[in-house]
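In what follows, a structure is listed as structure tokens, so that the remarks can point back to it.
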Amino acid sequence: AGKAVTLRGELSGLFKSALSTAFPAAEEAPIIASCNNPQFGDYQCNNAMGLFGKLKGKEGAPKNPREVATAIVSSLPDNSTIDNTSLAGPGFINCKVSSAYLAGRINALMTQGVASLAPPLRYKRVVVDFSSPNVAKEMHVGHLRSTIIGDTIANTLEFCGADVVRLNHIGDWGTQFGMLIEHMAELRPGGLAESRDEDVADLQTLYRAAKKRFDEEEEFKVRAREAVTRLQSGDEECIAAWQRICDASRREFQAIYSRLGVTLQERGESFYNPMLKDVVEELCEKGVAEVSEGATCVFVEGCDVPLIVQKSDGGYGYASTDMAAIKQRVQQEKADWVIYVTDIGQAPHFDMVFAAARKAGWLPEKGSAQPPRVSHVGFGLVLGEDGKKFKTRSGDVVRLVELLDEAKQRCRDSVAARREESGDPIDEAELEAAACAMGYGAVKYADLKNSRLTNYKFSFDAMLELKGNTAVYLLYAHARIAGIVRKAGKDVDALVAGGEAFKLEHPRERELAMAIVQFPEALEDMLEELTPNRLTDYLYTLSETFSNFYTECKVLGGEAEDSRLILVEATARVMRQCFKLLGITPLYRI
Ligand code: ARG
């Protein structure tokens with residue numbers, strides 16, 4: 004068997020073998036965890052207690068869990084990974100990992116690149132549906148969260164070798180276009196034929212005005228409905244107006260994506276429009292959907308509302324499109340994993356969509372390990388510092404462009420001031436790059452570091468803090484580390500190639516090496532639960548571990564300079580990979 008990428012996986016393999024040798028009949032899966040107290044070891048195997056319970060009363064059963072533990076330990080295959088084991092408590096098996104193992108892993112990271120640390124994935128082709136704002140409406144902080152979380156998940160999947168299709172399922176279809184088109188038609192004496200781009204320059208205002216009329220004028224409402232019908236039947240003027248609106252929205256969305264460095268492929272709701280009729284028919288034929296009170300519905304057990312796949316007036320809605328999309332993604336796109344990133348409020352919607360797709364036979368039974376797999380990645384709200392809904396002082400929705408501008412400006416000011424103070428003023432190009440990296444990085448990191456399900460308070464002051472778990476702190480930490488290597492003036496790769504022997508003698512050296520080697524475990528955990536904060540926690544811990552090391556271990560001019568320099572550079576490389584996954588641009592000098 005090939006070496007596992009994670010240390011945890013490697014230990015699992017060793018204990019699996021020990022368990023099947025010592026207790027072949029029990030068919031125990033190894034339970035491996037990190038040691039809470041590093042004094043006792045690095046990892047522990049926790050099988051003895053449970054296994055003792057299982058064996059109790061049987062013939063020749065062990066007398067106590069410690070006896071079970073002893074038997075497991077003596078069955079461990081020969082290996083160079085574990086340095087020694089010890090028993091603790093009722094029967095915990097503590098393992099200390101050998102320094103030679105850690106040194107070997109760091110050597111591999113340096114020679115084969117950080118990509119060699121990517122844990123393998125069971126899925127080959129993954130669709131990530133994220134960001135997905137709505138045309139003509141403001142892209143709000145909820146979409147910003149989806150964009151940031153989705154991008155990190157997609158980056159990590161790609162790093163682990165998946166072929167990722169990043170889909171922007173924008174809301175570019177639906178009845179709201181009727182009122183928009185009808186309102187646009189009235190802006191010009193000659194109607195839609197005379198429409199100009201400037202008519203849609205301010206989409207929010209257009210939307211609000213059209214909505215007001217739709218709500219207040221019965222006669223306008225009727226005309227808006229007629230416009231929807233014309234649009235759906237392909238009327239050229241209506242289609243042109245619709246396109247104009249979509250283009251204007253697209254430009255606004257793209258401005259945000261460019262700043263954030265996020266790439267996405269637009270495949271909006273309109274893409275699925277031609278499939279809706281067949282999909283609904285298929286659902287009816289298969290008995291998945293039925294007509295109830297005029298509407299075509301899928302009733303899902305445990306849900307108090309049905310999924311409406313066709314409204315009683317014959318129209319199709321959000322749910323119809325999602326049914327067509329899930330089918331298209333698994334059957335045409337051949338995705339073996341489809342991930343949806345939206346606010347947690349949509350969890351019931353996706354539960355129903357997934358259940359309906361299972362009933363239709365497009366997905367395997369619930370709980371099946373067979374692909375295609377589907378996941379809804381829900382997230383909580385972004386709140387203002389007052390703990391209420393995030394709004395501007397005047398009560399309007401916060402414009403994302405302005406939010407990013409402010410983050411960037413604050414970073415610009417603080418970096419410029421710090422550099423001025425230190426007597427080493429920064430030049431304009433460098434300042435601009437630093438301000439973007441820090442400002443946008445801070446916004447992203449502040450979002451990603453929270454457990455995604457909880458609401459979080461948006462606070463510039465907190466996210467731009469120079470100390471603590473912030474992007475700003477981490478970017479400075481990385482720049483300091485890069486500075487150490489720069490100052491040494493040595494080619495670290497040449498040191499590695501020259502066979503520089505690793506010394507992991509000091510406890511802080513060993514701790515740092517361990518933290519570096521644990522990078523793949525953080526990735527594994529993050530993808531298991533689709534929780535980006537696993538990755539930010541890891542990055543922060545790595546940085547803290549580095550700073551403990553650097554406080555106690557002299558690098559430049561010390562005895563172990565070359566060996567320690569390799570450790571320093573390895574830390575920097577793993578940090579940079581983390582930044583990349585988080586969508587943050589690392590800085591080498593601030
Ligand atoms: N446009 C939707 C919204 O703003 C999000 C779409 C998510 N994706 C999906 N396939 N339903 O809430």
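Residue numbers (full-length UniProt numbering): 4 to 593. Even glycine gets a Cβ: it sits at the ideal position worked out from N, Cα and C.
| query | result |
| --- | --- |
| Going by alpha carbons, who is nearest to Asn171 out of Leu183, Ser134, Val138, Gly164? | Ser134 |
| Three-state secondary structure (DSSP) at Ala419? | helix |
| Which full runs of the alpha helix (DSSP H) of 4+ residues lie inside the UniProt domain "DALR anticodon binding" (477 to 593), going along the chain? | 495 to 500, 510 to 520, 522 to 532, 536 to 555, 564 to 584 |
| Given a cut-off of 8 Å on the beta-carbon distance, is the pair Glu272 and Trp176 in contact? | yes |
| As a quick exercise: from Gly290, Leu112, Lys314, pick the residue whose alpha carbon is nearest that of Val303. | Gly290 |
| By the three-class DSSP mapping on this structure, what secondary structure does Gln373 have? | coil |
| By how many angstroms is the C-alpha of Leu105 removed from the C-alpha of Gly5? | Confidence at Gly5 is low in this model, with a pLDDT of 44, below 50, so its placement is unreliable and no value can be given for it. |
| Just to confirm the assignment: which complete beta strand (DSSP E) runs, minimum length 3, are found wholly within the segment 106 to 148? | 128 to 132 |
| Quick one: what's Ile35 bridged to in DSSP? | Cys48 |
| Do you know how far the Cα of Arg511 is from the Cα of residue 594? | Within the shown structure, residues of the chain are numbered from 4 to 593, placing residue 594 beyond reach of any answer. |
| Take Lys224 and list the residues in its own chain whose beta-carbon comes closer than 6 Å to its own, dropping the five residues that flank it on each side. | Phe217 |
| Where does Asn276 fall in DSSP's three states? | helix |
| Within the present structure, is the beta-carbon of Ser135 separated from the nearest heavy atom of the ligand ARG by less than 7 Å? | yes |
| Pull up the distance between the alpha-carbon of Arg262 and that of Asp325, whole angstroms please. | 29 Å |
| Go through its chain and collect everything with a Cβ distance to Gly153's Cβ below 7 Å, but skip five positions before and after it. | Val131, Phe133, Ser134, Val344 |
| Have a look at Ala244 and Lys214 and give me their C-alpha separation to the nearest angstrom. | 17 Å |
| In the structure shown, what three-state DSSP assignment does Arg11 receive? | helix |
| Using alpha carbons as the reference points, say which of Gly370, Gln47, Glu293 lies closest to Leu17. | Gln47 |
| Per DSSP, which one or two residues make a beta bridge with Val381? | In the sequence as displayed, the identity of residue 381 is Gly instead of Val. DSSP, once it has assigned bridges, lists Thr345 as partnering Gly381. |
| How many Å lie between Met529 and Trp340 at the Cα? | 16 Å |
| State whether the segment 575 to 586 contacts the segment 109 to 120, with contact taken as three or more CB pairs (one from each stretch) at a distance under 8 Å. | yes |
| Suppose only complete runs of 3+ residues qualify. What are the beta strand (DSSP E) ranges in the segment 252 to 324, listed by chain order? | 293 to 295, 298 to 301, 310 to 313 |
| Classify Val203 as buried or exposed, calling it buried when 16 or more other Cβ atoms lie within 10 Å of its own Cβ. | buried |
| Since I believe Ala322 is in contact with Val283 (beta carbons under 8 Å), could you give me their beta-carbon distance rounded to a whole number of angstroms? | The Cβ separation is near 10 Å, so there is no contact. |
| Looking only at its chain, what residues have a beta carbon closer than 7 Å to the beta carbon of Val495, apart from the 5 residues adjacent to it on each side? | Val488, Leu568, Ile569, Glu572 |
| Any idea if Gln313 is buried or exposed, counting beta-carbon neighbours within 10 angstroms, 16 or more meaning buried? | buried |
| Taking the beta carbon of Ala500 as the centre, do at least 16 other beta carbons fall within 10 Å, making it buried, or is it exposed? | exposed |
| So, Gly56 versus Pro123, is the Cβ gap smaller than 8 Å? | no |
| Quick check on this structure: which residue in Ser315, Gly320, Gln42, Glu30 has the alpha carbon closest to the alpha carbon of Val294? | Ser315 |
| Say yes only if the C-beta of Asp132 is nearer than 7 Å to one or more non-hydrogen atoms of the ligand ZN, and no if none qualify. | Inclusion of the ligand ZN in the displayed structure is not the case, the ligand content consisting of the ligand ARG alone. |
| Go to Cys98, then tell me how far its alpha helix (DSSP H) extends in each direction, as first and last residue. | From DSSP, Cys98 is part of no alpha helix (DSSP H) but of the beta strand (DSSP E) over 95 to 100. |
| In this structure, how does DSSP classify Ala91 when only helix, strand and coil are distinguished? | strand |
| Candidates Arg169, Met52, Gly145, Asn40: which alpha carbon is nearest Glu31's? | Met52 |
| May I ask you to list the residues that DSSP assigns as paired with Lys170? | The question names Lys, but residue 170 in the sequence shown is Leu. Bridge partners of Leu170: Asp132, Gln268. |
| Relative to the alpha-carbon of Ala103, which residue among Ile85, Ile96, Pro93, Arg254 has its alpha-carbon at the smallest distance? | Ile85 |
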